[in-house]
Every structure is written in C-alpha cells, then in structure tokens.
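Next up, the structure:
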C-alpha cells in the first residue's frame, strides 16, 4: 500500500501539470500584460528617437563644425560616421562663433516653447518620476531633440543620453496619459523609456534597465518594479538602433589590446584604490562646479534665452585656450585637447589603444588630464547656462581621461603599478560616474557593454564600490532622493499598508437613501440636490438605478456662470462618464488609488449589476486611516 506524502498534500496528476502551469502563468502575466506590452512600444519609440537624434547631431556637426570651422570631433571606432569629412582647413577663431550661434538658437527654442527642456534631460525625468507622478509635457521631447542637436552639434559639451532618455520618458508619460493609466503605471513606463534611451545610444541594454531602476536614488535603493519593464524596453530600443547602425560596441578594441585588459594580480588593487580616491575627488569638483555654474547663470540679469550663448562662448574660449597652449608646448600635435568640446568620445578611443610609455606616456597623460579638467568646466558652462544635453557622456570622458592619465603616470613611476594603463581608462569611466551619479552597478555594466569587454569586472566593481562609499551627498542629478521612503512617489505606501485590511463596505449603512441624479435633471435641480447633501459630487443613474457617471460641484459651478444657458443644461451635459466606481469588497488602499485616478472627492459604490448602493467621500477614508493609526498607537502605549 502506497504511503501518502508526509506533507499531507496530494500528488498532482501527471496530466494536470499543463493546466496548472497555464493557470499560474495566467495569474502572473495577466495583470502585467498591458504594462509589458506598452513597455515594448516605449522601447520602439525610444530606439527610433535615438536614431533621429543620432542623425540630427551628426548633421549639425557636419554642417556647422566641419563645413564652417573645419573641425571634426573624433569619434569612437564603433560609431558610424554618416558624412564624409570636408577638405576645409581648421580655422580656430570660428570655434568662437559657431557654438554661440548654436547657443542662441537652442536658447530661444527652449525658453520660448518648453523651458523645462533646458539642462540635462535625465534629471528632469527623475523629477517627473518623484514629484509629478510620471507626467511630462508631450512637447518637451521634441524640443529636447532640436535644442540638444544644436547645442552639441555646434560644439557644446554635452552627452546624447540626456535627450534620448527624455524622449523615451516623455513617450512613456504620453502613453500613460492617453490610456488613463494609474500614476504608478505611468511612472513605470516613464522610467522604462528613460532606460531604453540609454540602452540605445550607448549600445548597452542591460545597463539601461539597471540605470532606470538605480538612478532614481542617491542610496543603494533600486526601484524594483521598474527593472522588468525597463529591461523589455531596453532590448527593443537597442535592437531598433542596432538595425539602423549595426551591433558593434561603442568602443572597438584591437585583439592585441583586448588581451591586455585583464586582472590577474590581487596587489593591483592598491593602484585601483588610488584610482578610486582620485575619482571621488574629481566627482566632488565636478558636481560642485556644475551647480555653481548653474547658480551663477540663473542669477544673471539677462533673459534666459541668451544664457546658453554665453555658456557656449566661454566653453569655446576654454577649448581654444587649451588648444593653443598645448600646441605651443608641442604636447598635442593631433589636437586631442579640443575634446573638451562637443562629445569628446574620440579621445577615449585613442587613450584605450595608445601604446605610449615613458616620456611619451607622460605627454599623453598631460593631455588626458587637461581634457578631464577642461571637460568639467565646459560641461558646467554649457549645461549650467541652460544649454541642452546630457551629463552622462561628459562624465565618461572625464573619468576615462583622468583614469588614463593616472595609469600612464603610475606606469612611468613603475610599470608594476600599472602594467596596462588602458585598464585605468575603462575603470576610471565607471568609478567617476559611480561617485558623481550614485549609480555603481549600472555604471559597472554600462562600461563593460560600451567596450564589449568584461575582463575588468572585478577591479571595476572594486573601484565603483569604493568611489560610491567615499563620495559625498552631492549628486550630478539634483532630483534624486535619498531612498524610496523619502520619495513623494511612495509616500502613500505606508497609508496603503494601514488600509489594506479595511473594506469599503464599512461606509455602507443599510436602509440609507443614496442621493442620485437623473440624466434629464435640469441645472437648478442639480444645484438643489447638491446643496442638500454633504457630497461634493453625485452619481447619475438610469431608472433602474444603474450607474452612468458623476456630476461634480466644480462642473456645476462653471455651468452656472452662463445665465443664458442655464435653462438648457441638464445633468447629462455635466456628467463625467470615465469614472471607475467602487465596490463594497474593495480594500481601502484600492479606494485611495481610485480617488487619485478619477480625481474626485466622492465616488459611488455599486453592486454586481452596477446599481448604486452608496457614496464614499475621500475624507471618510482619511478619517478612517487616522483613527486606525491612533488606535494602533494607543495599543502600543
């Protein structure tokens, strides 16, 4: 005789596994199916936006910098150039004019149409997540594309990721508004779009998903509900961009260099610790100078439309000053120090593959250090003045150049301290941004994906962790909050925890008459009915008592301002039909969400046949919450 399982559970029939699996999948996926499907759509739009912006920036750079000034910013090996270089000789003084023109155009477009599109777009998206329930004006992404292409393409120091992140975030917000999604779903789609933008422009899908969840907070907190939607959106955005421009990593490395990028000596962590300390110091300088420039420009007694032009001019002065200094000293024959302008990614590519050692290595170290410090200044001037662009890209240049300079210097002192200086370029990129943006893990991944090399994960993790732990509270993203518990987006979490065991039925009184309206009730009847009840909104029902919509006091007040139309207005004209009613068995935390979603101070309660059986006021829920909390507090005391 067979024994029953010790747990007491009956074994599942072998032919029932598929129905059980199907039911489990249905319960797990059905509530999320719409959100996941919309995440794919957001990723597609973010990828298309990345393509458009990529073409726009190259077009502006070709016709503004290359064709007019004869300057062509060097690009990383994995980036396809869409235009052939012109034969025009480099004319340095024109670099004082072209950026100013770009700054003027960008400033007038931004501050005349969408002032919130100024600066770096990622910070605006973070602010929308925490304080605006994921709402971004639809016009902002379009303005961001144009203004950022003008700013960066004419020589302003900025990154592509900010505009692309805001494009993806803006579309996620637009979809959420269009479909009347709950605020939490709109926030998730917005964050997914932000991550998808980063994934597309940096060819880093995994990093994009992690970045969207990590960048929202200054602490190690992750927004866990964002990761899966952001992951799906990032994959689609990456594939969309890859179809247009290929699948290579942003920085391509020769096999000989790739083989040298290794970690096989634990004592090398001493040198990497020095690198982490250097990145912490530079990050502090970067964040403080950035917001000092921002404060300075906002205090200027000048229309904001002209400020980006001043920032662009001063950035050009810094770039040309360094160019003439290093040319006179014969330290930079290739003019790499001009990477303090525009994107600047090309200098990282050169630093990664350069075989320089000894005296030649010291010369290159001086150039790289000058680019790192100069990029701090030009980025602060460009973005702080109101110019449009991202801060992620410049941060990669600052960290990579400073790390490369330290690696070359340590190699000059003793080759054993830094056998392969290029290692410090990779690790420096990650360490600097981990300290400046408080995103150690997504930064660790993004550097690996940007270079297509994962051999330096261990020292990169070491440097990112130390840089994050030793960095101060100041972040390059001022809209970050300390943790989930401090985020306005999650302030209602505790309220929901308290209300989760309470039901709407507690507000229903048996036999109590529910005040309602009919479709044909005239305005005077509606006014009389509202004035004799304590409710600020009343349900409209048919003859059978079925719920049709809601009429709020605010709509009635507006209608009463037109004396000539009062005799013509009836309840059907004032009724909102997009209201989701409550059910008696709904939890009060669900009721709170419906009050927010419907934007009403009172909601009807309906039964299975949609008949109105009661009305609940938002203040009733608030009072119940306070009484419940007070009761729990009395129990504790």
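In our numbering, the protein residues as written are 21 to 657.
Each residue gets a CB set at the ideal place from its N, CA and C atoms; glycine is no exception.
Predicted model only: the values in this text are computed from it and were never measured.
Residue from the options whose Cα sits closest to the Cα of residue i
i	options	result
residue 446	433, 463, 436	463
residue 425	110, 378, 316, 400	378
residue 184	142, 152, 382	142
residue 247	279, 214, 278, 260	214
residue 308	200, 152, 52, 492	492
residue 338	395, 469, 157, 385	395
residue 6	627, 631, 600, 606	Only positions 21 to 657 of the chain appear in this structure, which leaves residue 6 out of reach.
residue 168	614, 328, 621, 429	328
residue 203	227, 149, 223, 161	149
residue 400	411, 390, 490	411
residue 78	89, 65, 103	103
residue 498	84, 314, 170, 280	314
residue 524	608, 306, 187	608
residue 496	375, 323, 303, 442	303
Where residue i sits in the DSSP three-state scheme
i	result
residue 203	helix
residue 300	helix
residue 198	helix
residue 542	strand
residue 111	coil
residue 643	helix
residue 264	helix
residue 629	coil
residue 534	coil
residue 179	strand
residue 116	helix
residue 514	Any answer about residue 514 is weak, because its pLDDT of 49 lies below 50 and its placement is not dependable; what the coordinates show is given next. Helix at residue 514.
residue 334	helix
residue 351	coil
residue 102	coil
residue 226	helix
residue 481	helix
residue 602	strand
residue 156	coil
residue 86	helix
residue 395	helix
residue 402	helix
residue 443	helix
residue 245	helix
residue 165	helix
Those residues which DSSP pairs with residue i across a bridge
i	result
residue 637	622
residue 596	570
residue 558	571
residue 607	523
residue 139	408
residue 237	501
residue 590	542
residue 273	Bridge partners of residue 273: none, in fact.
C-alpha gap between residue i and residue j, whole angstroms
i	j	result
residue 537	residue 560	5 Å
residue 163	residue 369	31 Å
residue 172	residue 556	52 Å
residue 14	residue 408	In the structure displayed, the chain extends from 21 to 657; residue 14 sits before or after that span and is not available.
residue 274	residue 268	13 Å
residue 136	residue 144	7 Å
residue 26	residue 244	Unreliable placement is indicated for residue 26, whose pLDDT of 48 sits below 50; the coordinate value is still reported in the next sentence. Distance between the alpha carbons of residue 26 and residue 244 is about 37 Å.
residue 658	residue 132	No statement about residue 658 is possible, as the shown extent of the chain runs from 21 to 657 and does not include it.
residue 514	residue 67	Low confidence applies to residue 514: its pLDDT is 49, below 50, so where it sits in the model is not reliable, and the reading given next is rough at best. Roughly 37 Å separates the two Cα atoms.
residue 487	residue 331	30 Å
residue 351	residue 198	57 Å
residue 509	residue 469	31 Å
residue 255	residue 54	18 Å
residue 535	residue 210	40 Å
residue 590	residue 235	51 Å
residue 98	residue 578	60 Å
residue 336	residue 276	37 Å
residue 166	residue 138	12 Å
residue 569	residue 595	6 Å
Neighbourhood of residue i by C-beta, 8 Å cutoff - its chain only, sequence neighbours within 5 removed
i	result
residue 252	56, 59, 60, 63, 212
Contact set for residue i: own chain, Cβ-Cβ below 6 Å, skip 5 residues either direction
i	result
residue 221	70, 180, 181, 184
residue 572	557
residue 94	366
Own chain, CB closer than 7 Å to residue i, minus 5 neighbours either side, in chain order
i	result
residue 567	559, 561, 601, 624, 626, 630, 632
residue 481	464
residue 207	149, 153, 154, 509
residue 75	102
residue 28	Reliability fails at residue 28, whose pLDDT of 49 lies under 50, so the model's placement of it is uncertain and the value that follows must be treated cautiously. So the list is empty, once near-sequence residues are dropped.
C-beta neighbour in chain C for residue i, strict 8 Å
i	result
residue 491	No chain C appears in this structure, which consists of one protein chain only.
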